[in-house]
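Read the structure below first, then the notes.
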Amino acid sequence: MALAAKSIDEMLGDEADDLLNHSCETIYKENLHLPNPNFVDDVWIDSDRNPRVLRNLQTLFDNGRLGGTGYLSILPVDQGVEHSGGASFAPNPAYFDPENIVKLAIEGGCNAVASTYGVLGAVARKYAHKIPFVVKINHNELMTFPNTYDQIMFGSIDEAFNMGAVAVGATIYFGSEESSRQIQEVAKAFEYAHELGLATILWCYTRNSAFKKNGTDYHASADLTGQANHLGVTIEADIIKQKQPVNNGGYKALNMGDSSYGKLDERIYTELATDHPIDLTRYQVANCYMGRAGLINSGGGSGENDFAQAVRTAVINKRAGGMGLISGRKAFQRPMDEGVKILNFIQDVYLDDNITVA
160 MALAAKSIDE MLGDEADDLL NHSCETIYKE NLHLPNPNFV DDVWIDSDRN
210 PRVLRNLQTL FDNGRLGGTG YLSILPVDQG VEHSGGASFA PNPAYFDPEN
260 IVKLAIEGGC NAVASTYGVL GAVARKYAHK IPFVVKINHN ELMTFPNTYD
310 QIMFGSIDEA FNMGAVAVGA TIYFGSEESS RQIQEVAKAF EYAHELGLAT
360 ILWCYTRNSA FKKNGTDYHA SADLTGQANH LGVTIEADII KQKQPVNNGG
410 YKALNMGDSS YGKLDERIYT ELATDHPIDL TRYQVANCYM GRAGLINSGG
460 GSGENDFAQA VRTAVINKRA GGMGLISGRK AFQRPMDEGV KILNFIQDVY
510 LDDNITVA
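If you're matching positions, the sequence shown starts at 160 in this note's numbering and goes up one per residue.
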């Protein structure tokens with residue numbers, strides 16, 4: 160059952176009017192390539208992507224409750240490696256079994272399930288033809304003591320292709336000491352993935368302890384994440400996954416004192432964005448070649464008010480011109496029926512014609 164517009168208002172609480180009626184006066188929606196049922200024909204048909212990539216992109220867009228809309232709802236479960244299995248699955252140990260991860264994505268009406276080589280490979284013959292697979296090709300292994308934070312390859316593109324995946328996903332820690340190597344590794348992997356016909360999704364994370372300045376964390380600032388997105392589409396990621404911005408001014412903060420970090424133009428803050436969450440996310444979309452590569456925001460960690468937070472994130476993404484959400488912990492760290500419900504709530508935002516691009 161669809162989530163009623165009144166329920167969306169209630170879940171947004173005091174922010175309802177501000178989020179649902181905001182008009183973006185920075186980068187106008189008319190300048191964007193917006194999600195729509197013909198997105199592959201309208202946007203990707205003119206690119207260098209071969210017919211097999213176009214077919215697999217269309218497969219992603221055509222599956223699940225959002226099939227045929229141009230929007231995406233993806234269940235990502237790679238936290239067993241990224242955060243450790245125990246920490247991730249203790250709230251619901253059923254998800255130690257890869258089949259339950261795939262079942263949640265199917266029952267939840269997702270366009271695709273994104274997970275590790277091991278998870279998807281364990282059930283590929285049973286499910287690869289039932290829901291699109293997105294194989295995550297690199298991870299932060301989180302076992303080295305003391306912990307190191309680096310994305311390393313866990314398998315091959317051929318392996319993902321042979322298990323029937325339609326796409327591969329990778330993470331780059333932009334700003335980290337290892338980022339140059341990661342960019343080269345992922346660019347090469349994405350090139351070969353495209354050659355085989357696989358679509359590509361890039362987790363464009365920022366990571367550097369220096370991005371915390373004077374008590375403020377700028378890892379999710381619009382300017383830094385926007386540039387990470389821009390680097391991501393430069394290596395031909397078809398879809399960009401990014402954390403939704405919570406502030407702005409990362410470049411400005413890092414340029415204070417004796418630092419001359421990066422390059423900035425004051426118009427980033429005065430003309431291309433405001434402090435409104437929709438405008439900040441619109442700046443992320445603009446850095447994805449004005450939406451030619453779709454922006455999917457992460458759903459964030461699980462905690463209190465998960466349902467309301469998921470709806471809020473979806474509303475901001477949709478109204479900013481984004482392409483959907485990739486939401487994992489909010490769904491799998493709870494009983495399956497509740498996980499299905501939260502995924503459906505997210506999807507209902509994108510199915511609601513009354514929620515329009517700002």
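For every residue, glycine included, the Cβ atom is placed at its ideal position computed from N, Cα and C.
Predicted model only: the values in this text are computed from it and were never measured.
Here Lys289 is exposed: its Cβ has fewer than 16 other Cβ atoms, across all protein chains shown, within 10 Å.
Of the candidates Arg478, Tyr509, Pro494, Leu390, Arg478 places its Cα closest to the Cα of Asp177.
Scanning its chain for C-beta atoms nearer than 8 angstroms, with the 5 sequence neighbours on each side dropped, one finds around Lys402 the residues Tyr364, His378, Ala379, Thr384, Asn456, Ser457, Gly459, in chain order. Nearest neighbour of Gly356 by Cα position, chosen from Arg284, Lys411, Asp207, Ile399, turns out to be Asp207.
The three-state secondary structure of His353, taken from DSSP, is helix. The Cβ atoms of Pro291 and Ala319 do not sit closer than 8 angstroms to each other.
Put simply, the backbone Cα of Glu430 is about 6 angstroms away from that of Thr185. Taking 8 angstroms as the cut-off, the Cβ atoms of Ser274 and Val325 do not count as close. Using a 10 angstroms sphere on the CB of Asp438, the tally of other CB atoms reaches 16 or more, which defines it as buried. In this structure, the alpha-carbon of Gly487 lies about 19 angstroms from that of Gly280.
Lys500 places its beta carbon 8 angstroms or farther from that of Ala469. Going by beta carbons, Ser166 and Gln506 fall outside the 8 angstroms limit. The three-state reading of DSSP puts Tyr448 in helix, counting H, G and I together. Remark: C-beta atoms of Gly483 and Leu263 do not approach each other more closely than 8 angstroms. Counting the other Cβ atoms within 10 Å of the Cβ of Asp382 gives 16 or more, which makes it buried.
Thr359 counts as buried, since no fewer than 16 other beta carbons sit within 10 angstroms of its beta carbon.
Annotation for Tyr286: the continuous alpha helix (DSSP H) segment containing it runs 283-286. Note on Met415: under 16 other CB atoms within 10 angstroms of its CB, so exposed under the neighbour-count rule.
With respect to the C-alpha of Trp362, the residue from Gln492, Glu354, Glu463, Ala387 having the closest C-alpha is Ala387. Rounded to the nearest whole angstrom, the C-alpha separation of Gly481 and Asn513 is 16 angstroms. Nearest to Glu189 by C-alpha distance, out of Lys295, Val508, Leu213, Gly450, is Gly450. Here Trp362 is bridged, per DSSP, to Thr330, Lys400. Take Leu225, set aside five residues on each side of it, and the residues of its chain with a beta-carbon closer than 8 angstroms to its own are Leu231, Ser232, Gly268, Asn270, Gly483, Gln506, Tyr509, Leu510, in chain order.
Under DSSP, Gly480 forms no beta bridge with any residue. Annotation: the continuous alpha helix (DSSP H) that includes Asn180 extends over 175-180. Going by DSSP, Leu301 is part of no beta strand (DSSP E) at all; its letter is neither H nor E. Within the region 373-427, the complete beta strand (DSSP E) runs of at least 3 residues fall at 398-401.
Distances from the alpha-carbon of Thr515 to those of Glu395, Ile331, Ser182, Glu169 put Ser182 closest. Here the C-alpha atom of Asn406 lies approximately 9 angstroms from the C-alpha atom of Thr375. Within a 10 Å sphere around the beta-carbon of Ser335 sit 16 or more other beta-carbons, which makes this residue buried. Excluding the 5 residues flanking it on each side, Asp221 has same chain C-beta neighbours closer than 7 angstroms at Gly227, in chain order. For Pro235, the enclosing beta strand (DSSP E) stretches over residues 231-236.
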